[in-house]
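Residue numbers (the numbering used here), protein chains in the order written: chain G, 212 to 1231; chain V, 5 to 421; chain E, 227 to 436; chain S, 44 to 145.
Listed below in structure tokens is the structure:
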């Protein structure tokens, strides 16, 4: 493997070549005590100011918040979850368990952001979390004194006495202490959206293996999407360099990126983290569109969720370096060896000037030259394997390295970081080494998460002492380090092969070319999970789970990894255990005498990295929560000041207030009286409308309705009732026969969709032999109900004089087309919901506004009044017509008083099940009318009905009030209800019991048809 | 060892070396008076009550994996007794009363926390339905309050009251509702049952039933050998149909996946449990600080214990509609539980047509909150061969008779309940 | 005796604000048009009469009715597949009554017709970023290979059914997509389409069908 | 989840509505045939309520309501969510079901 000269600038963009640093950037550099003089993929021409805990510092474009903090010599960045121990930056990636901060301020405040993935921008504001009053002096750190008691699961064993104290005292304290950052309690001001993308091959991760895979699949000609969570492609190549095809790794990355960008069939998505793998090749990813700027620009979203549909996917998500468990391993300044190299090489920031290295594998040794070439000292290398790897012997002699066997048994230091490292060798001899940074490598864990999201279990490999993917989701392969291939050469070959195979499986036949070449450095490791010594040794840095917590769980029988996780909260932190799970189960394996594969892993679950809830909601909030539907006369009604109500997706006119009306009851009462004494109209276009056509349309309707329709004459309408197959009422409506082979069926507003699906089921599945065609005509027609004694007068104004509108010429339940004045035709149905002479008139929707306008003109001298859904409801209650509150999914036709409609001559949906004993029992609750005895008394829906004088209790609860209104005709509140044996009890006085609203009074049970029970008015 | 702050402090002195197993790890005996299939909350609670209330101690709980690995370990931990129909109302209130004394009964802190549950309403029709239900609760002696928007605003100022689509008009509040620590419920019952002589046998999968010449069930075949039993009780919600099939039974049950979600831990934001009435979304905040939320079923039969994106999006859309201040909070984990969906949304606790085999199933989403009562009534059925009065309506033949208990009014369409 | 005027209205009368919206720039990334005054008829073959229906279509429009998800341009109308054994006939509204009568006569006995001229609203999406905007609300793969000129699909947007088909590329060389949306949803969907397009810059207009 | 509609091609499952097990068949019976009402009730009880609820492949009804409005019969594995086949219901479109004797 090839080194590089620390003084050689890396990855400078061409634009900057030869430019001289500005004064400002020199000033900025000066403040960055730990910034290297040169190198790094940062733009020294673009200094950026930021603040952490109100201290203003500077960094450069290309920095992350973490790298800028390192460059400014900041060690202490956080406090831990339970013991509030001082913590620093441990990693340089999205697996960071420790360095979490509160980003931004005000409504944009955002808790638990990883400093290691947050790109630096000018004016960035971050705060440390979970501390008070300050990060350095955190009051809650007294928890450490109690740490002997606060062991795993301690709260299950205490806080039980006295019982009342839990909610009152113990829990509030625990809740306040728990949690990490604060979230703004204000609505998120940013916008989000979601989008779809499709491809043949999805490559997940843009490191050496991923670039190699994408290049192969792209050259072969398949549609490729390459997603990379980082802001730029390259992966570990940006940190470890190396040589590929004889050029610097950085140069290879640049050339490869250029070639991929030039391929029309390849799409590169950076700042895009793949977080979910779902069924049928659906993948979910989060694009951080504008998190690297202070505020998204105009018409820009903050983040975007992508659903990517891919025929094949190649996971090249790399590996995660794992810590070793030893006392003091959580001190600020103890860092993963790979992270040290990343900060030094990619960001030109020195985590320490005297770096001690603790590694059990060859890869850790890379850190030696990385640090040295950056001008830092290697204080010592501690390698429990006891001898210098062949590859590094020359280097070790050259710089006469102090190399120790054994392990690190303690770390000296405090809030200001590491001061020294205590090494205990095989013979128990200890000595302290001066160092201000400890780089640790316990080996690498391939990133198996994505491959396990369909509950596949990973497979253990002894040679690398790690799990590799087992049975991955359909269509997914894994390559490179994610697949346990740790040498650069192998990553390139593995990625290339996976890319070629995936493309071929998608039918691509182009020439994928050869894999790029690089060396095959050796990765030798002898597992070391834990150095046993006195003191707190952490497995899960964020949740403060120690090695002794794991063994305690084992002693108490929580041996299953799932029990271990749940009992100790190991791996339940925001990093989902990326740095802790495997180590924890290794320690459990040792404690139980089982092997690691026998012990097994917990289930890997999405999202791979946490995703903002706002992003998952996207565009769908506030008025866009659900789509809305407008009636044809909506804008006309709005212009008249109608009050609208959301019913389902529809916006409907509820009433039309007039000047001087003090409340809605007054408006509704006026509308009702106007109809009952004159004429009014209401837009009822929201009703579901279905054209039922075909030779067998009549037979078809006979089977879906409980009553007969084949016998309905052309030009006539009939009320119909549908049951579910279980015998319960599904829906009702009037259906008219337009022609021999054409019925026009209407449904309730709420059930339009479900009824359409049900009818298609009957047509396509149950009775395919019938010649029936169905089409929804709901949106085609603007439909208005015109009601009141003057309805006929109004219509005579509106329809062509040639039409016979007399009672004989257009009798009750008649239905036919008529010509309107002004030359358009309409469908007219003489049906009544209000109990008055009434018609429903339908014209093509484009005339909806004009129809409302013309009804006003035609009825001007009659005092015509538009009315809303409330008045509609009042009149249906006065007439005892059942609606939604009575058709509640548990009532039978007979409960609704419609039992007689059930035909005895034919089979129909629900007929048989409706006959079951409990559905035909005599004591069922049936629809009745209810009138309070005190005529001033307001009746309320939801009040219960008890026998007069009965004591409230389950056995005296006989029913409830379903619908109520103030009846202008009876001049009192009335209602419908479902009451036990109700029809036998007309005239009985009952107790209306409404404890929720502190109301209790008496009422009379009566015939539900309060108004014009003979129905003379609607036939007249 | 009795759990208390004192035993804890004492143990601390010896570096907690003194703690022993919370429950034993016995080898299965050849015979038990009662064998319960399923080491979830319900199975373990049943064993506890058999030993504690009915004096039957020769009991085994057989668990194919680790106890609590089913729905007990993958729910949203809500407890409530705000049901509206006869049969449910009394049963869930009995459960609530058992929750209220659980720590003392079990000497285990299950963190039962009555921080309240509110069902928001957004239309007159919803208000009326809640009024009906709330009054039913009050008539049955259960606490319930109907609050208007102004009253709720005082307690939950962060909600989106003035949404242009479905503004919050009010809500039905049950202050005794709340949450409990789901795993602790499992471990608490396991420990208490174990202390009373019950054998809890993990990694023991039932592979078949042993029948005598009359067809009576006299034991079970398991991955750890044959175990004979006086009576066998099934408490395997999620897998009921699979186990019943081994006995040749077909049931009015479908298995569906219900997803749930937890956010990163944040400082206290949401006091109790909130359910959104205009979409599929409910939420609470755990003591650890994570927002625990969920919504509707994925909607298709599944045993996969994982769901798909449409429901993830639907739930988060509901969340942003009712509380847009959670937009920047991150979802940390999603998981799926297998719901034992009965044909009317209500459980089945009954003898089966097969002598010696007893059924506890069909919990839909009601399973966790029902844990203590389910254990008690199932223990009663197993001990007395007659249903507990509070479970008298949860009979298997109710579908044949037309006596469904259908709170949602959706009929024989499990994915709509 | 008053004269009754039957002025027609578009369901987008409020939602559609002609002109530029969203991101500034020389050229709008997305162009949105409402295409007004169309005749739209759903043709559903009767039981066992798929073949006859096809013949009738050929007779009237001079083209085979689409048997797979495609849009076919006939003499006087475009025929868009809208389900097994059914298709939607769409044409500029000239003399509506006779247009409908002609179809009624030709399809008599072979197919059921349902006039949906007012049941749908036709929205045309074009421009260099039109496809990117659609990707935000449609799960269809609109890549040239997957959805060439003439392709059609019945799909869902915002949980409501939509017919979408691609016609010949525009003068700017970019794809042109037509969306038939339910009339009552169109105000809402228009807002969704515009919101999805704002970041690219939108040019909105309305015109009679031609 | 993606469902391959035999008419529209592979689509997002949001376009479909689920009904459930496609194995139970609606009992046919003639009114006035003298069949015992109890017997007919038993047959319907079975059809409406009882389910095999298999873990593995099951035949189930999906409605492509957000697409071509066809009722489909899918074979789907309830453990892996994998589809083996998706076919049209007998009466889709204008299809004429093969009558006995034809």
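Just so it is clear, CB atoms sit at the ideal spot from N, CA and C, and this is done for glycine as well.
Any chain V beta carbon closer than 7 Å to residue i
i	result
residue 115 of chain S	no
residue 160 of chain S	Outside the displayed range of chain S (44 to 145) lies residue 160 of chain S, so it cannot be described from this structure.
residue 362 of chain G	yes
With 16 other Cβ atoms within 10 Å as the buried cut-off, status of residue i
i	result
residue 1091 of chain G	buried
residue 380 of chain E	buried
residue 373 of chain G	exposed
residue 1195 of chain G	exposed
residue 267 of chain G	exposed
residue 437 of chain G	buried
residue 423 of chain E	buried
residue 299 of chain E	exposed
residue 343 of chain G	exposed
residue 329 of chain G	buried
residue 817 of chain G	buried
residue 291 of chain G	buried
Contact with chain E by residue i, beta-carbon distance below 7 Å
i	result
residue 807 of chain G	no
residue 50 of chain S	yes
residue 986 of chain G	yes
residue 68 of chain S	no
Same chain, Cβ closer than 7 Å to residue i, neighbours up to 5 away in sequence not counted
i	result
residue 1103 of chain G	938, 939, 940, 1125, 1130
Which residues DSSP lists as bridging residue i, in chain order
i	result
residue 296 of chain E	E:377
residue 623 of chain G	G:631
Proximal residues to residue i (C-beta, below 8 Å), its chain only, five neighbours per side dropped
i	result
residue 277 of chain V	82, 84, 119, 120, 121, 122, 181, 182, 183, 286, 287, 288
residue 1173 of chain G	1096, 1097, 1099, 1138, 1152, 1186, 1187, 1188, 1189
Any chain G beta carbon closer than 7 Å to residue i
i	result
residue 59 of chain S	no
residue 134 of chain S	yes
residue 144 of chain S	Confidence is the limiting factor: at residue 144 of chain S the pLDDT is only 46, short of 50, which leaves the residue's position unreliable, though a coordinate-based value still follows. Not closer than 7 Å to any Cβ of chain G, the Cβ of residue 144 of chain S fails to qualify, so no.
Cutoff 7 Å: residue i Cβ touching any chain S Cβ
i	result
residue 232 of chain G	Because residue 232 of chain G sits at a pLDDT of 49, beneath the cut-off of 50, its placement in the model cannot be relied upon, and the following sentence gives the value as read from the coordinates. With 7 Å as the cut-off, residue 232 of chain G does not count as an interface residue toward chain S.
residue 246 of chain V	yes
Neighbourhood of residue i by C-beta, 6 Å cutoff - its chain only, sequence neighbours within 5 removed
i	result
residue 255 of chain E	353, 354, 355, 426, 427
residue 782 of chain G	776, 788, 791, 792
_Along the stretch 89-107 of chain S, where does the CB come closer than 9 Å to a CB of chain V? Name the residues._
Residues passing the 9 Å Cβ filter: 89, 91, 92, 93, 94, 95, 96, 97, 98, 99, 101, 103, 105.
*Quick one, which residues of the stretch 263-281 of chain E are near chain G if we go by CB-CB under 7 Å, in chain order?*
Listed by position, the residues of the stretch 263-281 of chain E near chain G (Cβ gap below 7 Å) are 268, 270, 272, 273.
*Could you run through the stretch 302-319 of chain V and flag, in chain order, every residue whose CB is less than 8 Å away from some CB of chain S?*
Within the stretch 302-319 of chain V, the residues whose Cβ lies closer than 8 Å to some Cβ of chain S are 303, 304, 305, 306, 307, 308, 312, 314, listed in chain order.
*Could you run through the stretch 821-851 of chain G and flag, in chain order, every residue whose CB is less than 7 Å away from some CB of chain V?*
Answer in chain order: 821, 822, 823, 824, 825, 827, 828, 831, 832, 833, 834, 836, 837.
*Going along the chain, which residues of the stretch 487-499 of chain G sit with their C-beta nearer than 9 Å to a C-beta in chain S?*
The residues in question are 489, 490, 491, 492, 493.
*Between the stretch 276-309 of chain G and chain S, which residues of the former have a C-beta closer than 9 Å to a C-beta of the latter?*
Result list empty, no residue passes.
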